[in-house]
Amino acid sequence: MLRYILHKLALIVPTVIGITIASFAFIRLLPGDPILAMAGQHGVSPERYEILREQFGFNQPIWTQYFQYVWGVLHGDFGISLSTKRPVIVDFLSLFPATIELSLFAMMLAVLLGIPAGIFAAVKRGSWFDQMTMGVALTGYSMPIFWWGLLLIIFFSGYLGWTPVSGRIALSYFFRPITGFMLVDTLLYGNWPAFVSAVRHLILPAVVLGTIPLAVIARQTRSAMLEVLGEDYVRTARAKGLSPGRVVNVHALRNAMIPVVTTIGLQVGLLMAGAILTETIFSWPGIGKWMIESISKRDYVVVQSGLLLIALVVMAVNLLVDILYAVINPRIRVR
Amino acid sequence: MTFMKSLLAATAVLALSVGAAQAKQLVYCSEASPAHFDPGPTTGGNDFDASSRTMYNRLVEFKHGGTSIEPALAESWEVSDDGLEYTFHLRPGVKFHTTSYFTPTRDFNADDVIFSFERQWKEDNAYYNYLDGISWDYFQGMDMPKYLKSIEKVDDLTVKFTLTEPNAPMLANLGMDFASIMSKEYADQLEAAGTEELLASQPIGTGPFEFVDYQTDAVIRYKAFPDYWGGKVAIDDLIFAITTDPAVRVQKLKAGECDIMPYPNPADIADLQSDPNLNVMSQEGLNIGYMSYNTTVAPMDNVDVRKALNMAINKDAIIDAVYQGAGQPAVNLIPPTMWSYNTDVKDDAYDPDAAKALLEKAGVKDLTLDLWAMPVSRPYNPNAQRVAELIQSDWAAVGVKANIVSYEWTEYRERGKQKDRPGAFQIGWTGDNGDPDNFFATLFSCSAIGVSNYSSWCDPDFEKLIQDAKTTSDIAERTKLYEQAQVVFKEQAPALTLAHSKVFMPMSKRVTGFTMDPLGIHRFDNVDVTE
Chain R
6 MLRYILHKLA LIVPTVIGIT IASFAFIRLL PGDPILAMAG QHGVSPERYE
56 ILREQFGFNQ PIWTQYFQYV WGVLHGDFGI SLSTKRPVIV DFLSLFPATI
106 ELSLFAMMLA VLLGIPAGIF AAVKRGSWFD QMTMGVALTG YSMPIFWWGL
156 LLIIFFSGYL GWTPVSGRIA LSYFFRPITG FMLVDTLLYG NWPAFVSAVR
206 HLILPAVVLG TIPLAVIARQ TRSAMLEVLG EDYVRTARAK GLSPGRVVNV
256 HALRNAMIPV VTTIGLQVGL LMAGAILTET IFSWPGIGKW MIESISKRDY
306 VVVQSGLLLI ALVVMAVNLL VDILYAVINP RIRVR
Chain F
10 MTFMKSLLAA TAVLALSVGA AQAKQLVYCS EASPAHFDPG PTTGGNDFDA
60 SSRTMYNRLV EFKHGGTSIE PALAESWEVS DDGLEYTFHL RPGVKFHTTS
110 YFTPTRDFNA DDVIFSFERQ WKEDNAYYNY LDGISWDYFQ GMDMPKYLKS
160 IEKVDDLTVK FTLTEPNAPM LANLGMDFAS IMSKEYADQL EAAGTEELLA
210 SQPIGTGPFE FVDYQTDAVI RYKAFPDYWG GKVAIDDLIF AITTDPAVRV
260 QKLKAGECDI MPYPNPADIA DLQSDPNLNV MSQEGLNIGY MSYNTTVAPM
310 DNVDVRKALN MAINKDAIID AVYQGAGQPA VNLIPPTMWS YNTDVKDDAY
360 DPDAAKALLE KAGVKDLTLD LWAMPVSRPY NPNAQRVAEL IQSDWAAVGV
410 KANIVSYEWT EYRERGKQKD RPGAFQIGWT GDNGDPDNFF ATLFSCSAIG
460 VSNYSSWCDP DFEKLIQDAK TTSDIAERTK LYEQAQVVFK EQAPALTLAH
510 SKVFMPMSKR VTGFTMDPLG IHRFDNVDVT E
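Chains as they are written, first to last, in the working numbering: chain R, 6 to 340; chain F, 10 to 540.
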């Protein structure tokens, strides 16, 4: 087991190096210039432009800039935002809890609905329920997040008035964050109505962000179940006269869950991508919205370090999933 | 004892609930997060709304809803006859905000004024470089270093600005956001503690609202400053709910999650106007969308060619198709709401036949030219690509072939200002200070060639008129000069003046006292809400 984990950890090193190169290069390959993007409609004089280039170090050879970036990161220095002048790590830490909260909720929704739906569809293969679930899953998977989010807002917030349009909590509640997780903070302050308000604000964005993972998980569960249900040991279990419930829930499900867990792990990366759009629509103050705004401002420092931080988080989650995978499937460990 | 305790508790609860019921709150759905709260180095309208217009004052300020100057932190001023000395008499008894992080020990005085400008001007000032890579874009952009010779304290309540040469727009410049007055006492205190950067995140000003809290990218909270020199404002709590998507802002307004919002999508305006709970205010923006011909490159060095190209364009059709009711055709470079606008100037009429004849007269055949389209949407030109396509087909009708070119926005402007750039270049301008000089000199003076004179146009008559207007402080005289400048501009046609935009501001009916501002500023000091 230890060897397995060490092996996985060793694989992370080249990946991280690759990500530093990719995140550093990505924003620089985009056309545009951070100094000119910051200046207003008056622009900056050529002399002033040179001074600023020197101050930011953009006049240095590109590889020097890269190594300075990596050197900083190795020393825990992720740089200072060109536009807000705040340290990137400070903004990341203050915004990241909002993204985690949203992602966790979305994932919970996807797992709690997706797995039962997949199992049921597999067991009742070919039934109207199966057809419908898979149809809906395909639609959910193909839905453009931006359109879907706006549609839900217009219907549930605008037309029915059931949910708030956007934000994290009603503006009448104001307290300084303790953990940055709104649900936790409201409870720590013992403010029950605030907690309810936070939950209400979380529903629509979580549904929007959870839609694609939900569809993927439901489909994956269904196909994994179908495969397992065709195995000899399931037939044997049935032949022994076990109840259908026991056959499905014990014999089939435990084996079918292995690929599903992998799928869930892989969704974490996609959740981060989805969070960018979801947060932008719902004015959710997380790292997705932060990234989008920083890209449009060509804030090189925030984009390169922000991408790296997000990638590190995704890799950490994937590593965790790999370990979990080894725990539930002993065969993996041997290899 | 127990009885007394309960009575006290009950009174306290009652007091709290009464306070809560009476607190007037205004929620503004703002369009973007501010970079920070120092109006000196920032450049965005959203930055200014969140800092200078809520928490700061200037020596002079723009009148609500107008572009003329009125006294603010300076009660009065004199300009010397040679136009070189401006003496400001400061308002006595003005207080700076008292917050959890700063308690002022003195009132506003001349030291604060000098500090507020020197920090942007003198490299040895402790605040000149107080944030990483800071740049004082507006102080530089308005040419303050060129015009300022000295700022001196005459006494505690008198400050004298000495200029290097007469510059009539100086007073309007001092009403701009970058000229906001900071507390020197607070700055010194931060400097002593080695935490200068807090000036940008924990602001202290003299303005109508004081800072309470900022949750990054989400919510900014202010409260009314009880000791405001202009009297405490009507609303108690001002909240900016940052909502970047315009469609979502509209939904929030309709759901009552905010009271007022800027920049709706043109497509949403009809729906907003039909909502019985909402008011939609509108005003002509202080801006111009135009298209610059490079007057130094043949055949556009010929005024007949430029005139012909202008006459071939069906401006009204473009305004209808692209601005969707949010624009009006521009005759002059400055919008009609600005002083010195010349109503006698007639626009080049749309006349393809006359355009053809004029091109023939100029000996131009089979003309092919680049037609530049901005990659971004701006109020003065919401869709430059579409405008380019319409112009392309108009020109095709008179035998001129246009190739549409576009680049990323900063790249676009960089390439556009090259002196030898070929073709017709779409661009625009939003007024900074309501002074005509800010349009004429910034965009078409000889010295702006290679900077923001995209036509590379240097006309001796026009130049003399605008330079004379700049050095005269008599408004009537300046008006005359600018009126003549507009005539020369139309005759010489260095650019097609396309449109001035219309700006919409939807708000809940409970909001009263809001005035739209031609400078695109959103200020809430006169606003009240009814329950």
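Every residue, glycine too, gets a C-beta built ideally from N, C-alpha and C.
Cut-off 6 Å between Cβ atoms - residues of its own chain near R/S162, not counting five sequence neighbours on either side:
Sequence index remark: in the first sequence, residue 162 of chain R carries index 157 (1-based). Hits under 6 Å: T168 and V170.
Please decide whether R/T20 counts as near chain F, where near means a Cβ-Cβ distance under 8 Å.
Here residue 20 of chain R is taken as the residue at index 15 of the first sequence, counted from 1. Taking Cβ atoms only, chain F never reaches closer than 8 Å to R/T20, which makes this a no.
Taking F/S61 as part of the alpha helix (DSSP H), name the residues at either end of that continuous run.
Along the second sequence, one-based indexing puts residue 61 of chain F at 52. Residues S61 to M64.
When you compare the CB of R/D190 with every CB in chain F, is at least one pair closer than 8 Å?
In the first sequence, the residue the question calls residue 190 of chain R occupies position 185. Judged by the 8 Å Cβ criterion, R/D190 is not in contact with chain F.
Mind checking whether R/L41 and F/E423 have CB atoms under 8 Å apart?
Position 36 of the first sequence, counting from 1, holds the residue named residue 41 of chain R. Position 414 of the second sequence, counting from 1, holds the residue named residue 423 of chain F. Yes, the Cβ-Cβ distance between R/L41 and F/E423 is below 8 Å.
Please tell me whether R/P36 has its Cβ less than 8 Å away from any Cβ of chain F.
Here residue 36 of chain R is taken as the residue at index 31 of the first sequence, counted from 1. Yes, its Cβ sits closer than 8 Å to a Cβ of chain F.
Leaving out five residues before and five after R/L11 in sequence, what residues of the same chain have Cβ atoms less than 7 Å from its Cβ?
Start at 1 with the first residue of the first sequence, and residue 11 of chain R comes out as number 6. So no residue of the chain qualifies.
If I measure Cβ to Cβ from F/D613 and keep anything under 7 Å in the same chain, skipping five residues before and after, which residues do I get?
Nothing about residue 613 of chain F can be reported from this structure: the residues present for chain F run from 10 to 540 only.
Limits of the alpha helix (DSSP H) - the one that R/L107 falls within:
Translated into the one-based positions of the first sequence, residue 107 of chain R becomes position 102. Segment V93 to V128, the alpha helix (DSSP H) holding R/L107.
Contact list for the segment 226-260 of chain F against chain R, Cβ threshold 8 Å:
Here the close residues are D226, A227, V228, R230, I248, A250, I251, T252, T253, D254, A256, V257 and Q260.
Which same chain residues, not among the five before or five after F/E219, have their C-beta less than 7 Å away from its C-beta?
If you number the second sequence from 1, residue 219 of chain F lands on position 210. So the list reads M64, H106, T108, Y231, K232 and F234, once near-sequence residues are dropped.
What do you get for F/K72, buried or exposed, if any count of 16 or more other CB atoms within 10 angstroms of its CB means buried?
For this step, residue 72 of chain F is matched to residue 63 along the second sequence. Exposed, by the Cβ-count rule.
Have a look at F/L82, F/L247 and F/F498 and flag the residue whose alpha-carbon is nearest the alpha-carbon of F/W466.
Taking the second sequence and counting its residues from 1, one reaches residue 466 of chain F at position 457. Residue F/F498 is the option with its Cα nearest to F/W466.
Assumed close pair F/I269, F/S454 - CB separation to whole angstroms, cut-off 8 Å
As a first step, residue 269 of chain F is located in the second sequence; it is residue number 260 there, counting from the start. As a first step, residue 454 of chain F is located in the second sequence; it is residue number 445 there, counting from the start. Not a contact, Cβ separation roughly 38 Å.
Can you give me the start and stop residues for the beta strand (DSSP E) that F/Y272 sits inside?
Start at 1 with the first residue of the second sequence, and residue 272 of chain F comes out as number 263. Counting along the chain, F/Y272 falls outside any beta strand (DSSP E), and DSSP gives it neither H nor E.
8 Å is my cut-off, CB to CB: does F/R67 come that close to chain R?
Position 58 of the second sequence holds residue 67 of chain F. Judged by the 8 Å Cβ criterion, F/R67 is not in contact with chain R.
Look up R/G270 in the DSSP assignment and say whether it is helix, strand or coil.
The sequence position of residue 270 of chain R within the first sequence is 265, counting from 1. Judged by DSSP in its simplified three-state form, R/G270 adopts helix.
Starting from F/R422, find everything on chain R with Cβ-Cβ shorter than 8 Å and list it in chain order.
Locating residue 422 of chain F in the second sequence gives position 413, counting from the first residue. Against F/R422, the close residues of chain R are L41 and G48, in the order they occur along the chain (beta-carbon pairs closer than 8 Å).
In whole angstroms, what is the alpha-carbon distance linking F/L474 and F/A494?
For the purposes of this step, residue 474 of chain F is taken as the residue at position 465 of the second sequence. For the purposes of this step, residue 494 of chain F is taken as the residue at position 485 of the second sequence. Approximately 6 Å between the Cα atoms of the pair.
Do F/T346 and F/L295 have their beta-carbon atoms positioned less than 8 Å apart in this structure?
On the second sequence, position 286 is the one that residue 295 of chain F refers to. On the second sequence, position 337 is the one that residue 346 of chain F refers to. Going by C-beta atoms, F/L295 is nearer than 8 Å to F/T346.
Skipping 5 residues on each side, what residues in its chain have a beta carbon closer than 6 Å to that of R/G215?
Locating residue 215 of chain R in the first sequence gives position 210, where the first residue counts as 1. Hits under 6 Å: A111, L114 and A115.
How many angstroms separate the CA atom of F/D280 from the CA atom of F/D325?
Here residue 280 of chain F refers to the residue found at position 271 when the second sequence is read from its first residue. Here residue 325 of chain F refers to the residue found at position 316 when the second sequence is read from its first residue. Their backbone Cα atoms lie some 24 Å apart in a straight line.
Chain-ordered chain F contacts of R/Q73 [CB-CB under 7 Å]:
As a working mapping, residue 73 of chain R is identified with position 68 in the first sequence. In chain order: nothing, as chain F lies at least about 14 Å away.
Contacts around F/T524, its chain only, beta-carbon distance under 6 Å, and the 5 residues preceding and following it disregarded
For the purposes of this step, residue 524 of chain F is taken as the residue at position 515 of the second sequence. If we look at F/T524 and ignore the five residues flanking it on each side, its Cβ neighbours are H73 and G74.
Would you mind stating whether R/V349 and R/L313 have Cβ atoms separated by less than 8 Å?
The first residue shown for chain R is 6 and the last is 340, placing residue 349 of chain R beyond what the model contains.
If you draw a straight line from the alpha carbon of F/M300 to that of F/L505, how long is it in whole angstroms?
Position 291 of the second sequence, counted from the start, is the residue given in the question as residue 300 of chain F. Position 496 of the second sequence, counted from the start, is the residue given in the question as residue 505 of chain F. Cα to Cα, F/M300 sits roughly 5 Å from F/L505.
Who are the near neighbours of R/L329 in its chain, counting only those whose CB is closer than 6 Å to its CB and skipping five residues on each side?
Stepping through the first sequence from its first residue, residue 329 of chain R is reached at position 324. Around R/L329: no qualifying Cβ.
Of all the CB atoms in chain F, is at least one closer than 8 Å to the CB of R/P169?
Position 164 of the first sequence, counted from the first residue, corresponds to residue 169 of chain R. Yes, its Cβ sits closer than 8 Å to a Cβ of chain F.
Just by C-beta distance, which residues in the segment 76-88 of chain R are closer than 8 Å to chain F?
I85, L87 and S88
CA-CA distance, F/Y491 and F/I343?
Taking the second sequence and counting its residues from 1, one reaches residue 491 of chain F at position 482. Taking the second sequence and counting its residues from 1, one reaches residue 343 of chain F at position 334. Distance between the alpha carbons of F/Y491 and F/I343 is about 10 Å.
Secondary structure of F/V512, DSSP reduced to three states
Position 503 of the second sequence, counted from the start, is the residue given in the question as residue 512 of chain F. Three-state result, F/V512: strand.
Listing by chain order, which chain R residues have their CB less than 9 Å from the CB of F/L140?
By 1-based counting over the second sequence, the position of residue 140 of chain F is 131. Here the neighbours are I85 and K90.
Kindly list, in the order they appear in chain R, the residues whose Cβ is closer than 8 Å to that of F/W438.
The count along the second sequence starts at 1 and reaches residue 438 of chain F at position 429. Neighbours of F/W438 on chain R, chain order: Q46.
At the level of alpha carbons, what is the spacing between R/Q238 and R/P335?
Residue numbering aside, residue 238 of chain R sits at position 233 when the first sequence is read from its first letter. Residue numbering aside, residue 335 of chain R sits at position 330 when the first sequence is read from its first letter. Checking the displayed sequence, the identity of residue 238 of chain R turns out to be Tyr instead of Gln. Those two C-alpha atoms are separated by around 18 Å.
Quick one, are the C-beta atoms of R/V93 and R/G81 less than 8 Å apart?
Looking up residue 93 of chain R in the first sequence gives position 88. Looking up residue 81 of chain R in the first sequence gives position 76. Taking 8 Å as the Cβ cut-off, R/V93 and R/G81 do not qualify as a contacting pair.
Closer than 8 Å by C-beta to F/K261: which residues in its own chain qualify, once you throw out the five before and the five after it? Chain order, please.
Translated into the one-based positions of the second sequence, residue 261 of chain F becomes position 252. A distance below 8 Å between beta-carbons, with the five flanking residues on each side excluded, links F/K261 to the following residues of its chain, in chain order: C38, A250, T252, C267 and M270.
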